[in-house]
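Novice: Here's a structure for you.
Protein chains: 2
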Amino acid sequence: MLNKDFTVTPWYVEGAIDYNKLIKQFGTERISENILYRLEKITGDIHFMLKRGIFFSHRDLHKILDVYEQNNKFFVYTGRGPSGNTHIGHLIPWILTKWIQDKFNTNVYFQLSDDEKFFANKNITLSTTSRFAYENAIDFIALGFKPNNTKIIINTKNINNLYPLTCQIAKKINLSNVKAVFGFTNDTNIGMIFYTALQSAPCFIENKPVLIPLGIDQDPHFRITRDIAPKIGKIKPAIIHGMMMPSLLGINSKMSTSQKNSVIYTTDSPNIVKNKINKYAFSGGQSDIKMHRKKGGDPSVDIAYQYMHMFFEPDDKKLKKIHDDYISGRLLTGELKSMTITKINEFLEKHQHRRDEAVKHIDEYVLQ
Amino acid sequence: MLNKDFTVTPWYVEGAIDYNKLIKQFGTERISENILYRLEKITGDIHFMLKRGIFFSHRDLHKILDVYEQNNKFFVYTGRGPSGNTHIGHLIPWILTKWIQDKFNTNVYFQLSDDEKFFANKNITLSTTSRFAYENAIDFIALGFKPNNTKIIINTKNINNLYPLTCQIAKKINLSNVKAVFGFTNDTNIGMIFYTALQSAPCFIENKPVLIPLGIDQDPHFRITRDIAPKIGKIKPAIIHGMMMPSLLGINSKMSTSQKNSVIYTTDSPNIVKNKINKYAFSGGQSDIKMHRKKGGDPSVDIAYQYMHMFFEPDDKKLKKIHDDYISGRLLTGELKSMTITKINEFLEKHQHRRDEAVKHIDEYVLQ
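Chains as they are written, first to last, in this note's numbering: chain A, 944 to 1311; chain B, 944 to 1311.
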């Protein structure tokens, strides 16, 4: 989906994303106060990522709530294109997925599209993307998913589970559809052209409605799925769209696994995190302390603040204090960075322990 | 591949096929006297379908003979698109495959592309093509293949065996390649666009050179395979091209499973065969007996004769006598048809017994 100022496609995100414009461009709906109210009534709770609008847009989320309120089941599907190690931005939709699973008692399917990333990147091998699939799966499991209600789908390994469904879907999608949605050209390889059918397939892996939490860049795939669902006698998938976590370099750059110093990996040591935040995290502060005390900082462009807001400070009151202190100049950039480093490292310490545990159990999760 | 007079593509064959023109159009090589001589030297024998030019064209067959003469191994791959029951025309490449297996002691892989036929035909379901895959497999096994050196690949069932190879292939084929070779348009579904990579995959299932006996209509797939093979570090597949068996209606129409009265199925009873040949088989004879005795018949357009020539009369001397008697008018159309009916029914009686046996053993052949 091209735009003057920014670009958001499943394989390429660049520029200052205007999420309001994306809602219009993609034809999605904003998550309304009414939806949040209904969610809170059901769950007794609203995840801070929903409350703060990190998840800001949806398709048919109200229908999923209807299903649940009528005592019917739905399931949850999300995924990852394993082109590299997991960074903290990848975890955001998975964390919301876990919250939904806990609150609604659903099955979860997690797709790792090692084939897609092989098709999309000229210089990556299939054994590399398959290896990253297992790496990423470990992070997913470490978030607390249990094998009794969570299944991991690694495309090259589980293709036998997906292929008959994928065929049903692929037959209903023609070349003009994928050209229009993804901008494919004569140079596009036929793996890429076919792939969207594989990303659709888990939407129908259970004969129930599905809810998909994802970064909004992945929405185009499911726009196609929603078009063809009625043609194969299936229910359109519902979606919750999340924002893209910005890289350390600034709010207008998405975390990319190809720029190692712009992202924080789930396996980074405390010192690496400290160095990356201190050295690379774009600051909304003033050029010197005196000026900062006088004019205050700008949390809206400050990466340390944004990471607290999006992920690492779930407590609204504490976050508000940080926000207000930063704007007023009471809180310095160095202090804000230090708080953020502590929070990230607290999270990662626990996460890395859970990773060590997860790696022993991965086979229990992979679909058989 | 469009032509003024005839059309030959993997999904559509029509008109009076000029096989000499096809050799030029497709850029293949005629099977030369020299190749036949080398084949005879190795095997002590030439299968009548080779001697009579039913298999008339090839790519790199001499290289396969080089491989064998250097005491190296190759393997054989053929297949079928299971859009309906097996007719006698389908058996031709499989019979040559069996001969090659016996003479060269090779492994054989037989692909049943239930996915392809589902993608290609608007009104067929995947469960129907999968059912026909098993039906067709029974006929293949009935020709005498043994499970120790013959494996059947049913695409939707064995996709896990094929998919990683298929990905390697698909990444090297772009949209312009398949548009140029198959004439795909914006209306083509993405299953069809991707499928050629799946038909290529078994070419590389063993790390040895492969020889593919097939009807020449399938050549376009392997033209692509041959283009990409060096790009993925593989040997180009070698091919032997066979003619298409004409339908009962005349030498210019290919047997099609969609016209039930124009083809002889492997499960037809003796009476059905008799009726089909007597009623529908296009005759090269004259309009009445007197005229026939005087002017003689034309074996080159006579379907009964053509079936004897292509399949049912392996004995060259006997075939020559039929040919000469028919041309001279000594042999009447009714007599020729009667001989052909006898031959077909003799074959089918044995074949149907072997089918009854094959059906019990199918699981031993399907790739695990």
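Glycine residues also receive a C-beta, built at the ideal position from the N, C-alpha and C atoms.
These figures come from a predicted structure and were not determined experimentally.
I need the straight-line Cα distance from Thr950 of chain A to Met1188 of chain A, nearest angstrom please.
Specialist: Taking the straight line from one Cα to the other gives about 15 Å.
Novice: Please list, in chain order, all residues of the same chain as Arg1236 of chain A whose beta carbon is under 6 Å from its beta carbon, the five residues on each side excluded.
Specialist: Gly1272.
Novice: Nearest to Arg995 of chain A by CA position, among A:Ile1265, A:Pro1257, A:Glu1307 and A:Glu1278, is which residue?
Specialist: Of the listed residues, the one whose Cα sits closest to Arg995 of chain A is A:Pro1257.
Novice: Please report whether the beta-carbon of Ile1220 of chain A lies at a distance below 8 Å from any beta-carbon of chain B.
Specialist: No, its Cβ sits nowhere closer than 8 Å to a Cβ of chain B.
Novice: Out of A:Met1135, A:Ile1183 and A:Lys1114, point me to the one whose CA is closest to Glu972 of chain A's CA.
Specialist: Minimum Cα distance to Glu972 of chain A is reached at A:Ile1183.
Novice: At what residue ranges does the segment 1211–1270 of chain B contain a whole run of the alpha helix (DSSP H), taking only runs of 4 or more?
Specialist: You should have 1213–1223, 1232–1238 and 1246–1250.
Novice: Comparing C-alpha positions only, which one of A:Ile1102, A:Leu1055 and A:Gly1239 sits nearest to Leu1279 of chain A?
Specialist: It is A:Gly1239.
Novice: In the DSSP assignment, the beta strand (DSSP E) including Pro1156 of chain A goes from what residue to what residue?
Specialist: Note, Pro1156 of chain A: beta strand (DSSP E), Val1153 to Gly1158.
Novice: Looking at the C-beta of Ala1140 of chain A, does it have a partner C-beta in chain B at a distance below 8 Å?
Specialist: Taking Cβ atoms only, chain B reaches closer than 8 Å to Ala1140 of chain A, which makes this a yes.
Novice: Are there any heavy atoms of the ligand GTP lying less than 7 Å away from the beta-carbon of Asp948 of chain A, as far as the coordinates show?
Specialist: Looking at this structure, you won't find the ligand GTP or any other ligand, since it has none at all.
Novice: Do the segment 1085–1104 of chain A and the segment 1121–1136 of chain A meet, that is, are 3 or more Cβ pairs less than 8 Å apart?
Specialist: Because the criterion of three Cβ pairs below 8 Å is not met, the segment 1085–1104 of chain A and the segment 1121–1136 of chain A do not touch.
Novice: So Cys1110 of chain A packs on Leu1069 of chain B, CB below 8 Å; how close in whole Å?
Specialist: Right, their Cβ atoms sit about 6 Å apart.
Novice: Distance check for Phe1147 of chain B and Asp1211 of chain A, CA to CA, integer angstroms please.
Specialist: Distance between the alpha carbons of Asp1211 of chain A and Phe1147 of chain B is about 41 Å.
Novice: How long is the line joining the alpha carbons of Leu1118 of chain B and His1001 of chain B, rounded to whole angstroms?
Specialist: Spanning the two alpha carbons is a distance of roughly 27 Å.
Novice: As an exercise, report each continuous alpha helix (DSSP H) stretch of at least 4 residues that is fully enclosed by the segment 1017–1056 of chain A, in chain order.
Specialist: Listed in chain order, the complete alpha helix (DSSP H) runs (minimum 4 residues) inside the segment 1017–1056 of chain A are 1031–1047.
Novice: In angstroms, rounded to a whole number, what distance separates the CA positions of Glu957 of chain A and Gly1022 of chain A?
Specialist: When rounded, the distance between both Cα atoms is 21 Å.
Novice: What does Phe1137 of chain A touch in chain B if you count any residue whose Cβ is under 9 Å from its own?
Specialist: In chain order: Ala1113, Ile1133, Gly1134, Ile1136, Phe1137, Tyr1138 and Ala1140.
Novice: Starting from Ile1182 of chain B, trace the beta strand (DSSP E) both ways and give me its first and last residue.
Specialist: Here the beta strand (DSSP E) through Ile1182 of chain B covers Ala1181 to Gly1185.
Novice: What residues in the segment 954–971 of chain B have a beta carbon less than 8 Å from any beta carbon of chain A?
Specialist: So nothing in the stretch comes that close.
Novice: Which residue comes first and which comes last in the alpha helix (DSSP H) that contains Tyr962 of chain B?
Specialist: Looking at the DSSP string, the run of the alpha helix (DSSP H) that includes Tyr962 of chain B is Tyr962 to Phe969.
Novice: For Phe1062 of chain B, go through chain A and note every residue whose CB falls closer than 9 Å to its CB, in chain order.
Specialist: In chain order: Cys1110, Ala1113 and Lys1114.
Novice: Determine the DSSP secondary structure at Tyr1308 of chain B, reduced to helix, strand or coil.
Specialist: Helix at Tyr1308 of chain B.
Novice: Give the single residue among A:Val1051, A:Tyr1052, A:Phe1053 and A:Thr1071 whose Cα lies nearest to the Cα of Lys1060 of chain A.
Specialist: Selected option, being the one with the closest Cα: A:Thr1071.
Novice: DSSP three-state label for Gly1134 of chain A, please.
Specialist: Of the three classes helix, strand and coil, the one that applies to Gly1134 of chain A here is helix, per DSSP.
Novice: Can you find the residues in the same chain that come closer than 6 Å, C-beta to C-beta, to Phe991 of chain A, ignoring five residues on each side of it along the sequence?
Specialist: Hits under 6 Å: Pro1257.
Novice: In this structure, how does DSSP classify Glu1149 of chain B when only helix, strand and coil are distinguished?
Specialist: If DSSP states are grouped into helix, strand and coil, Glu1149 of chain B belongs with coil.
Novice: Using a C-beta to C-beta distance shorter than 8 Å, which residues of chain A count as neighbours of Asp1058 of chain B?
Specialist: By Cβ distance, chain A contributes Tyr1106 and Cys1110.
Novice: Where does Tyr955 of chain A land, buried or exposed, given buried means 16+ other C-beta within 10 angstroms?
Specialist: So Tyr955 of chain A ends up on the exposed side.
Novice: DSSP has Pro1189 of chain A in a bridge; who is on the other side?
Specialist: Beta-bridge pairing links Pro1189 of chain A to A:Lys1197.
Novice: Would you decide whether Tyr1208 of chain A is buried or exposed? Buried here means 16 or more other CB atoms lie within 10 Å of its CB.
Specialist: Burial call: buried.
Novice: Whether or not the segment 1074–1086 of chain B and the segment 1283–1300 of chain B are in contact is what I'm after, with contact meaning three or more pairs of Cβ atoms, one per stretch, closer than 8 Å; do they touch?
Specialist: The answer is yes - the segment 1074–1086 of chain B touches the segment 1283–1300 of chain B, with three or more Cβ pairs under 8 Å.
Novice: Taking Cβ-Cβ distances shorter than 8 Å, what residues in chain A pair up with Ser1119 of chain B?
Specialist: Correct list: Asn1129 and Asp1130.
Novice: DSSP puts Val951 of chain B in a beta bridge; with which residues?
Specialist: BP columns for Val951 of chain B point to B:Val956.
Novice: Count the other CB atoms within 10 Å of the CB of Gln1202 of chain A; is the residue buried (16 or more) or exposed (fewer)?
Specialist: Gln1202 of chain A is exposed by the Cβ-count criterion.
Novice: Whose C-beta lies closer than 6 Å to the C-beta of Phe969 of chain B among residues of the same chain, with five residues either side of it excluded?
Specialist: Once the five neighbours on either side are set aside, the close Cβ partners of Phe969 of chain B are Asp1162.
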